[in-house]
Amino acid sequence: MEEVIIAVDLGGTNVRVAAVNPEGKILHKISFPTDASRGRERVTENILSKIHEFLRRFPEEEFEVIGGGFGIPGAIALDRGIVSQSPNLPGWEGFDIRSRLQGGFRMPIFIENDANAFSLGEGWLGAARGVKDFCCLTLGTGVGGGIVLNGDIWHGTEGKAGEIGHMIIDVDGPPCQCGSRGCLEAFASGSAIRRMAIEAIKGDEKTDLVERCGGELETITSKMVYESARSGDRLSRGIFQKMGMYLGVGLANLVNLLNVELLVIGGRVCEAFDLFIDPARRELEERALGSMGKRVKVERARCGDDAGILGAAYLVKRELERRKR
Ligand SMILES: [Zn+2]
Numbered sequence: 124m125e126e127v128i129i130a131v132d133l134g135g136t137n138v139r140v141a142a143v144n145p146e147g148k149i150l151h152k153i154s155f156p157t158d159a160s161r162g163r164e165r166v167t168e169n170i171l172s173k174i175h176e177f178l179r180r181f182p183e184e185e186f187e188v189i190g191g192g193f194g195i196p197g198a199i200a201l202d203r204g205i206v207s208q209s210p211n212l213p214g215w216e217g218f219d220i221r222s223r224l225q226g227g228f229r230m231p232i233f234i235e236n237d238a239n240a241f242s243l244g245e246g247w248l249g250a251a252r253g254v255k256d257f258c259c260l261t262l263g264t265g266v267g268g269g270i271v272l273n274g275d276i277w278h279g280t281e282g283k284a285g286e287i288g289h290m291i292i293d294v295d296g297p298p299c300q301c302g303s304r305g306c307l308e309a310f311a312s313g314s315a316i317r318r319m320a321i322e323a324i325k326g327d328e329k330t331d332l333v334e335r336c337g338g339e340l341e342t343i344t345s346k347m348v349y350e351s352a353r354s355g356d357r358l359s360r361g362i363f364q365k366m367g368m369y370l371g372v373g374l375a376n377l378v379n380l381l382n383v384e385l386l387v388i389g390g391r392v393c394e395a396f397d398l399f400i401d402p403a404r405r406e407l408e409e410r411a412l413g414s415m416g417k418r419v420k421v422e423r424a425r426c427g428d429d430a431g432i433l434g435a436a437y438l439v440k441r442e443l444e445r446r447k448r
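For the sequence shown, the working numbering assigns the number 124 to the initial residue and increments by one for each residue that follows.
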């Protein structure tokens, strides 16, 4: 009988479900909209029914489903399995997600924050394979993060550790989603790239972005800035350099604090990796103490969109192995 793990990456927009074998091979995967506006009960009900439908592909005679791993956006009080903070799934605070999910299955269920699951995935089969101390950053609409120390996620007292995106880079910086100012997320996310580009254009700089957005600056997206940068637009290239510089400051802070061996950078914004990594490395080398900035490796994430799923699967694999011991 073949062992199979059900891995779920629950995002604010889409849910991805995969069957993963203990070696990390994805046997089958599906994706469907989260429909977060329907509220937590109906969203979880929908996920449970989709997973049960999915499980029919793995008949009991041939497969042994050994467990389910879930990556969830938001902080989780892991001792109780309760969502303690959830900006991407409004109304989920206080939700006993573990009991709710466990109630739907016979197999053991494990949950983890999504950025932490991403980090576990990269640690298992990606850029951080074999590395014990590393940090992961996911640059998307926001900036997520995970800290892995001695092979394990650092959760902190309340399970909220690893909010690398809210590391403060500039005390008087632009407002951040979280209510503070000048967080890394306000400089190194997709939303930040968009904001910086609009501000720069208003400062009367010449750019083909104006044409790209048909003169409607508010419709500019980070993707447009990326495409303009690729086509050689000076302003757009400058935005990615500026973003890289701030990212480098954040990386230097991480290295000074944790002296990790490796920094892994993933997320959608990484399509522009070559456009921002040089200024980021430069800043990191200049600002980190002593030789730490030169020694630390900075690498692009390797598991792509599957990192979260692989990490959720690894969570199950690791916990079941621990229980056996
Ligand atoms: Zn913030």
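Beta carbons: idealized from backbone N, C-alpha and C, even for Gly.
How about residue i and residue j: do their beta carbons lie closer than 8 Å?
i	j	result
R92	A250	Nothing in the structure corresponds to residue 92, since the chain is present only between 124 and 448.
G373	M290	yes
A411	V378	yes
E118	V266	In the structure as shown, the chain starts at 124 and stops at 448, and residue 118 therefore has no counterpart that could be examined.
I129	I174	yes
Y349	E394	yes
I287	L260	yes
M230	F186	no
L133	F228	no
M319	C336	no
D295	G302	no
R163	G214	yes
L150	V131	no
Y369	A284	no
E184	G389	no
G416	A375	yes
G405	G371	The amino acid occupying residue 405 in the given sequence is Arg; Gly does not appear at that position. The answer is yes: Cβ separation under 8 Å.
K255	G274	yes
I367	A403	Ile is not the amino acid found at residue 367; the sequence shown has Gly there. Cβ atoms of G367 and A403: closer than 8 Å.
R418	F396	no
V332	S359	Looking at the sequence itself, residue 332 is Leu, so the reference to Val does not match. Going by C-beta atoms, L332 is nearer than 8 Å to S359.
Closest to residue i by CA distance: which of the options is it?
i	options	result
R455	G190, L150, D132	Absent from the structure is residue 455, since the part of the chain shown begins at 124 and ends at 448.
E518	L243, A198, I270, E146	What is shown of the chain runs 124 to 448, which leaves residue 518 out entirely.
F241	V387, P402, E406, S359	V387
L381	F193, F257, E187, C306	F257
I399	K417, P210, V421	Reading the sequence as shown, one finds Phe at residue 399 and not Ile. Checked all of K417, P210, V421; the closest Cα to F399 is V421.
A431	W215, A238, N144	Reading off the sequence shown, one finds Gly at residue 431, where the question assumed Ala. It is A238 whose Cα lies nearest to the Cα of G431.
S314	L262, G302, G326, A352	L262
G147	E444, A435, R445	A435
A222	D202, L150, D356	Correcting the residue identity first, residue 222 is Ser in this sequence and not Ala. For S222, the nearest C-alpha among the options comes from D202.
R161	G135, P182, R180, E183	G135
L224	K325, G269, I195, D293	I195
R357	M366, T330, E183, S154	T330
S154	P298, S414, F177	F177
T157	N211, V392, T342, S351	N211
I236	S414, G217, V392, G269	Note on identity: in this sequence residue 236 is Asn, with Ile being the wrong assignment. Comparing Cα-Cα distances from N236 to each of S414, G217, V392, G269, the minimum goes to G269.
D429	F218, Q208, P145, L248	L248
T342	K365, I324, Q208	I324
I276	Q364, T344, I234	I234
T264	R252, D293, Q300, L272	Q300
R252	L385, R446, R445	L385
Identify the residues that DSSP records as bridge partners of residue i: which are they?
i	result
R423	I388
K152	A141
V254	Answer by DSSP bridge pairing: none, since V254 is not bridged.
V266	L262
R180	Paired residues: none, contrary to the question.
G190	I128
P298	R304
V206	I199
V271	F257, I276
L133	V138
E350	In DSSP, E350 forms no bridge with anything.
E235	G194
I291	C306
*Near ligand 1, which residues have their beta-carbon closer than 5 Å to a heavy atom?*
H289, C299, C301, S303, C306
*Decide if the region 166-182 is in contact with the region 139-154; the criterion is three or more beta carbon pairs, one per stretch, under 8 Å apart.*
yes
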